[in-house]
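The numbering of the sequence shown is this note's numbering, which starts it at 1 and goes up by one. Only one structure is covered here, and it is reproduced in the block below.
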Amino acid sequence: MGAITRYPHCSHWGAYTILVEDGRIVGVEPFEHDPAPSPIIDSIREWAKPDRRVLRPMVRSGWLEKRLASDRGGRGSETFVPVSWDEATKLVADEIQRVSGEYGNASIFAGSYGWTSCGRFHHASSLLKRMLNLAGGYTGHVDTYSIAAGPVILRHTLGDDTACGGQANTLDAIAKNTETLVVFGALSPRTAQIEAGGIGSHALETYLRLFSERGVKIVLVSPLRDDLPDWLAAEWWPIRPNTDTALMLGLAGEIVKTGRHDREFLARCTSGSDRLLAYLDGSEDGVRKDAAWAAGICGLPADSIAQLARRLVDTRSMLTVSWSLQRAHHGEQPFWAALGLASIVGQIGLPGGGVGYGYASLGGVGAPYNIGKSPAMSQLAKSIDSFIPVARISDMLLNPGAPFTYQGQTRNYPHARLVYWAGGNPYHHHQDLNRLSEAWTRPETIIVQDPMFTATAQRADIVLPANTSIERNDIAGNKRSDFILAMHRAIDPVGESKSDFDIFDAIAGKLGAGERFNEERDEMGWLRHLYGISRDDAARRLGFDMPDFDTFWEQGYARCPVKAEHTYLAEFRDYPEEYALDTESGRIVLGSETLAKLDYADCRAHPAWIEPAEWLGSAGKTGRFHLISHQPVGRLHSQLETAATSRAMKRGGREQTRINPADAEALGIADGDCIRLWNDRGACLATAQVSDSVRQGVVVLPTGAWFTPSGNSGLEIAGNPNVLTLDVGTSHFGQGCSAQTCLVNVERYVGETADAFDKYHEKLVALAAV
């Protein structure tokens, strides 16, 4: 036995030290400064296994033989042919030049959304865009699947989206000052495990303990009781999914009905409040929005709503709104309605008062935030102005040239002939995967660069094997983290995989842009450079000392300057003219002149309750149950799906679906039964988990199971909820994803129930039979 070597490292779920002996990972230790490390850190040794890795560059046999004349329907079923790295990178460079020369660079789609690594240097999508900007440009995407409709409406009504990006009231200020906390959605360690760009310290539970110690009154508004830890003893309001907007407006209308709204704040700090007040008091449409009105929509007691409306005014009150609420049809409305309610209460800008968005949706949202410059690889200047809203991929591929709207603009979808996806898996995060499968046959060439043989990689023409973060050196850090973290290479590359930087550098060289891409720096040269930018900024602008690079690299971390006990819009509240917002009026927009002129039926000139396409109150609804598809507890999205923490959440090789005991009994379903979920868009299998933590009429199926359709029926057997979800934009204004608007049917399944892991392995063996 050899000596154990220790390598500091970081992933999206936290910092840790990897213990390596004779080239093998033998242990993982949590970061010494993390009070609540994620158990997912123990799963990273799964990356070293070759089972699901892409081990060499490969090309789909039909594409290699016939190029553009190949059968694009063969993606996902034809075998792959191994090629050398030199041939693979030449094929890629030739395709970029062909499409650019024949059709223009807008026909190259490089949205490349994904979470493959928290490293800021080997950040696959940033490096892809850097390379393509040197080659004439590309079509990209705006916003994210996690959050799109929300920031769009906040940019319009608050002037920027910082309130949902971690710079609303910080949790330490809430813990110190708030008396009534209304949680719309969740404040859950389940989602707070994760942070884009990595996280050093998981602090959510620390702040929740402070809430409990101070006796803060907490109301949890969610169909799921465990969206808050049970030891908080919160009051659970099991709302109908997708009706939070109605509850917010009912609370606001109840306050207005009793004449207790803050008229002075509305007049001084908001614009268009007359539009909202006319809607609330019924003078606009003849319907008063109050507690009784909201109760009929939300399925909650009117007396409780009226009581809470009084308490919001009587005490220092804070509203938190999860990102998940805006991932629904008309997802702009709950974010705007919460802003309207907080304005009517009148406590925005006071310590522990007002509204904030996304707390615990990522681990750093709400924590004291980094005020220094985070390390980031430059994508360089954009060569062309071409983009789509992030979740409109199928629309683009199926409808080239068709118009779409976004933030009041009308644009046209490009004709995407080349798709280059690096470090992501749309067959995990996109909605209505059967529709995506049809759209995926439209591009002439699809290139996928990834460590893993994902469902997306299986459906590529050219597959480039990138290595994982533990096979290269990198650096982690972001605007919501109080640390910059070293990511040391711990093991040798698996198979013939290369780092993302080396892959793009080779392609850039064949495009004649190698020196401009690499700027004559190697991996460690870039890490020194990126860290140095952050260190110099902290010293020059903030007078904050960070260690030199060598010290940082050896100890594995450097602390960053942070802002604690932050009160959002405090200066604006006191001096609204001097600290005017970047909105149409310079104030908080509660009634929008811009939206009034646009006259969208699905995003009106003020916050409004607009029935979603599917919900439990639908007339003639297409399904009995509302499906919630949320982030799993044992992994990030679809990463490390076969690791122990992920498998522990499964039964029978598939995901578990939570269902209320009364619903299960009515359907003859017992805990552990295999069940089928279906609607007009698709069907999947799961294992029933009978639990009273979920509201009646609701089922919960986590995201991230590797897409495994079986046989001619197309039945998905691993439990991937995105075969069921709705692929429509949130509205003409925001165009975000609407995954949480989804009705399904459920039944006990009595057919063949093959293990999804076995089926997936069989598929990989067949595709790689070279």
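A virtual CB, placed ideally from N, CA and C, is assigned to each residue, including glycine. Keep in mind that this is a model prediction, so the values were computed, not measured.
For this session: Assuming I40 contacts G634 (C-beta within less than 8 Å), just tell me the rounded distance between them.
Result: Position 40 of the sequence shown, counted from the first residue, corresponds to residue 40. Position 634 of the sequence shown, counted from the first residue, corresponds to residue 634. Indeed, because the Cβ distance is near 7 Å, the residues count as touching under 8 Å.
For this session: On the DSSP bridge assignment, give the partners of V750 in chain order.
Result: Within the sequence shown, residue 750 is the residue found at index 750, counting from 1. V750 is not bridged to any residue.
Exercise. In whole angstroms, what separates the C-alpha of D755 from that of Q347?
Worked result: Along the sequence shown, one-based indexing puts residue 755 at 755. Along the sequence shown, one-based indexing puts residue 347 at 347. Counting only the Cα atoms, Q347 lies some 54 Å from D755.
Exercise. Quick one: is V770 buried, meaning 16 or more other Cβ sit within 10 Å of its Cβ, or exposed?
Worked result: For the purposes of this step, residue 770 is taken as the residue at position 770 of the sequence shown. With a pLDDT of only 48 at V770, under the threshold of 50, the placement of this residue in the model should not be trusted; the figure read from the coordinates follows. Of the other Cβ atoms in all chains shown, fewer than 16 fall within 10 Å of the Cβ of V770; this residue is therefore exposed.
For this session: For P35, count neighbouring Cβ atoms within 10 angstroms of its own Cβ and tell me buried if that reaches 16, exposed if not.
Result: By 1-based counting over the sequence shown, the position of residue 35 is 35. With fewer than 16 other Cβ atoms within 10 Å, it is exposed.
Exercise. Per DSSP, N370 forms a beta bridge with which residues?
Worked result: Position 370 of the sequence shown, counted from the first residue, corresponds to residue 370. N370 has V562 as its beta-bridge partners, per DSSP.
Problem set entry | Beta-carbon proximity check, M248 vs F184, cutoff 9 Å | Translated into positions along the sequence shown, residue 248 becomes position 248. Translated into positions along the sequence shown, residue 184 becomes position 184. In contact: M248 and F184 (Cβ atoms closer than 9 Å).
Problem set entry | Same chain only: Cβ atoms within 7 Å of D505, ignoring 5 sequence neighbours per side | Taking the first residue of the sequence shown as position 1, residue 505 is located at position 505. So the qualifying residues of the chain are G514, F517, N518.
Exercise. Around the C-beta of Y531, are 16 or more other C-beta atoms found within 10 angstroms, so that it is buried, or is it exposed?
Worked result: Working through the sequence shown from its first residue, we reach residue 531 at position 531. It counts as buried.
Exercise. Of all the options D161, L134, I491, S383, which has the alpha carbon lying nearest to the alpha carbon of G23?
Worked result: Looking up residue 23 in the sequence shown gives position 23. Of D161, L134, I491, S383, the residue nearest in Cα terms is I491.
Exercise. Where does L181 sit, in a helix, a strand or coil, going by DSSP?
Worked result: Walking along the sequence shown from the start, residue 181 turns up at place 181. Shown here, L181 sits in a strand according to DSSP, grouped into three states.
Exercise. How would you write the range of the beta strand (DSSP E) that I462 sits in, first residue to last?
Worked result: Reading the sequence shown from its first residue, position 462 is the one you call residue 462. Here the beta strand (DSSP E) through I462 covers 462 to 465.
Exercise. Going by Cα to Cα distance, which pick from G719, K621, G697, E593 is closest to E655?
Worked result: As a position in the sequence shown, residue 655 is number 655, starting the count at 1. Taking the Cα of E655 as reference, the smallest distance to any Cα among G719, K621, G697, E593 is reached at G719.
For this session: With DSSP as the reference, please indicate the residues paired to Y357 in a beta bridge.
Result: On the sequence shown, position 357 is the one that residue 357 refers to. In the DSSP output, where bridge partners are listed per residue, Y357 has V321.
Problem set entry | Identity of the residues DSSP links to V833 by a beta bridge | Lying before the first or after the last residue shown, residue 833 is absent from the chain, which here runs from 1 to 770.
Exercise. Can you tell me whether DSSP reads D226 as helix, strand or coil?
Worked result: Locating residue 226 in the sequence shown gives position 226, counting from the first residue. DSSP places D226 in helix when its eight states are reduced to three.
Problem set entry | One or two residues paired with Q689 in a DSSP bridge | Sequence index remark: in the sequence shown, residue 689 carries index 689 (1-based). BP columns for Q689 point to R658.
Exercise. Are the CB atoms of R120 and S497 nearer to each other than 9 Å?
Worked result: As a working note, residue 120 is residue 120 in the sequence shown. As a working note, residue 497 is residue 497 in the sequence shown. For R120 and S497, no; Cβs fall outside 9 Å.
Exercise. Who pairs with R6 in a beta bridge, going by DSSP?
Worked result: Here residue 6 refers to the residue found at position 6 of the sequence shown. Its beta-bridge partners are L19.
Problem set entry | Classification of S378 by the beta-carbon crowding that lies within 10 angstroms, buried from 16 upward | Along the sequence shown, read from residue 1 onward, the residue named residue 378 stands at position 378. Burial call: exposed.
For this session: Mind listing, in chain order, the continuous beta strand (DSSP E) runs of no fewer than 3 residues lying wholly within the stretch 418 to 470?
Result: Within the stretch 418 to 470, the beta strand (DSSP E) runs of at least 3 residues that lie entirely inside it are, in chain order, 418 to 422, 445 to 450, 462 to 465.
For this session: Answer with buried or exposed for I4, where buried requires no fewer than 16 other C-beta atoms within 10 angstroms of its C-beta.
Result: Residue 4 sits at position 4 when you count from the first residue of the sequence shown. With fewer than 16 other Cβ atoms within 10 Å, it is exposed.
Exercise. D505 lies in the alpha helix (DSSP H); which residues open and close that run?
Worked result: For the purposes of this step, residue 505 is identified with residue 505 of the sequence shown, where counting begins at 1. Note, D505: alpha helix (DSSP H), 500 to 510.
Exercise. Nearest to V589 by CA position, among I18, F265, Y113, is which residue?
Worked result: If you number the sequence shown from 1, residue 589 lands on position 589. The option with the nearest alpha carbon to V589 is F265.
Exercise. From what residue to what residue does the alpha helix (DSSP H) around Q300 run?
Worked result: Here the question's residue 300 lines up with position 300 in the sequence shown. Correcting the residue type first, residue 300 is Leu in the shown sequence and not Gln. Looking at the DSSP string, L300 is not in any alpha helix (DSSP H), and its letter there is neither H nor E.
Exercise. Is DSSP giving C684 helix, strand or coil here?
Worked result: As a working note, residue 684 is residue 684 in the sequence shown. Residue state, collapsed to three classes: strand.
Exercise. The beta strand (DSSP E) with L68 in it runs from where to where?
Worked result: The sequence position of residue 68 within the sequence shown is 68, counting from 1. Counting along the chain, no beta strand (DSSP E) covers L68, and no H or E run does either.
Exercise. Taking DSSP as the reference, what is the three-state secondary structure of Y760?
Worked result: Along the sequence shown, one-based indexing puts residue 760 at 760. Note: Y760 maps to helix in three-state DSSP.
Problem set entry | Opposing strand residues paired with N679 [DSSP bridges] | The residue given as residue 679 occupies position 679 in the sequence shown. Among the bridge pairs identified by DSSP, N679 is matched with G682.
Problem set entry | Test item: CB-CB of F211 and T178 under 9 Å | Here the question's residue 211 lines up with position 211 in the sequence shown. Here the question's residue 178 lines up with position 178 in the sequence shown. Yes, these two residues count as a Cβ contact at 9 Å.
Problem set entry | Member of L68, L134, A69, S61 whose CA lies at the smallest distance from the CA of V83 | The residue you call residue 83 lines up with position 83 of the sequence shown. Of the listed residues, the one whose Cα sits closest to V83 is S61.
Exercise. Which partner residues of L362 appear in the DSSP bridge assignment?
Worked result: Walking along the sequence shown from the start, residue 362 turns up at place 362. The secondary-structure analysis by DSSP pairs L362 across a beta bridge with Y359.
Exercise. Of the choices G114, W231, P547, whose alpha-carbon is the least far from that of T454?
Worked result: Numbered from 1 along the sequence shown, position 454 holds the residue referred to as residue 454. Proximity to T454 across G114, W231, P547 peaks at G114, based on C-alpha coordinates.
For this session: Would you decide whether S283 is buried or exposed? Buried here means 16 or more other CB atoms lie within 10 Å of its CB.
Result: For this step, residue 283 is matched to residue 283 along the sequence shown. Exposed, by the Cβ-count rule.
Exercise. For V59, which residues from the same chain have a beta carbon less than 6 Å from its beta carbon, with the 5 sequence-adjacent residues on both sides left out?
Worked result: As a first step, residue 59 must be located in the sequence shown, where it is residue number 59. Excluding the 5 residues flanking it on each side, V59 has same chain C-beta neighbours closer than 6 Å at V81, V83, I462, in chain order.
Exercise. Since L418 contacts T445 with CB under 8 Å, what's their CB separation in whole angstroms?
Worked result: The count along the sequence shown starts at 1 and reaches residue 418 at position 418. The count along the sequence shown starts at 1 and reaches residue 445 at position 445. That pair is a contact at about 5 Å.
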